[in-house]
Amino acid sequence: MNQQNLPNATAVLVLGILSLVTCVCYGIPGMICGAIALFLYSKDKKLYLQEPQLYFNYSNLKTGKILAIVGIVLSVLWLTFLIFYIYNVIGVDALSDPDLLEERMRELQEN
Numbered sequence: 051m052n053q054q055n056l057p058n059a060t061a062v063l064v065l066g067i068l069s070l071v072t073c074v075c076y077g078i079p080g081m082i083c084g085a086i087a088l089f090l091y092s093k094d095k096k097l098y099l100q101e102p103q104l105y106f107n108y109s110n111l112k113t114g115k116i117l118a119i120v121g122i123v124l125s126v127l128w129l130t131f132l133i134f135y136i137y138n139v140i141g142v143d144a145l146s147d148p149d150l151l152e153e154r155m156r157e158l159q160e161n
């Protein structure tokens with residue numbers, strides 16, 4: 051019997067890597083790539099579990115899943131940090147008042 055690649059194993063691996071790389075881009079792209087990777091992982095895992103002897107690159111699939119999970123976690127942490135930073139350092143009142151925002155930004159640049 052001829053073994054073949056899982057259909058989405060490479061895509062899961064690439065999306066997992068992208069999730070990790072883009073997690074510092076405000077967190078959103080990392081979460082999106084990670085979520086898509088996990089969705090594709092679940093589809094291929096079902097396929098693999100039906101007939102494991104037909105496929106040989108399950109390790110790529112598992113690696114992509116791990117990278118996607120790490121990317122999602124880092125993205126959530128980064129987004130949480132950004133929200134915390136904006137709320138505490140700049141202040142919510144400064145976000146609604148352009149003059150106050152400009153003043154706070156000058157203060158941050160001076161320090």
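The opening position of the sequence shown corresponds to residue 51 in my numbering, with each subsequent residue numbered one higher.
C-beta atoms are modelled at their ideal positions from N, C-alpha and C, and glycine is treated no differently.
*In its own chain, which residues sit with a C-beta less than 8 Å from the C-beta of valine 126, not counting the 5 before and 5 after it?*
Gly77, Met81
*Whole angstroms is fine: what's the gap from leucine 56's alpha carbon to glutamate 160's?*
55 Å
*Taking the alpha helix (DSSP H) that leucine 99 falls in, what are its first and last residues?*
78-100
*To which residues does DSSP link tyrosine 105 through a beta bridge?*
Gln54
*Around the Cβ of lysine 96, are there at least 16 other Cβ atoms within 10 angstroms (buried) or fewer (exposed)?*
exposed
*Could you tell me whether the region 53-73 touches the region 92-111, where touching means 3 or more Cβ pairs closer than 8 Å?*
yes
*Alpha carbon to alpha carbon, how far is lysine 112 from leucine 124?*
18 Å
*asked:* According to DSSP, is asparagine 138 part of a helix, a strand, or is it coil?
replied: Helix.
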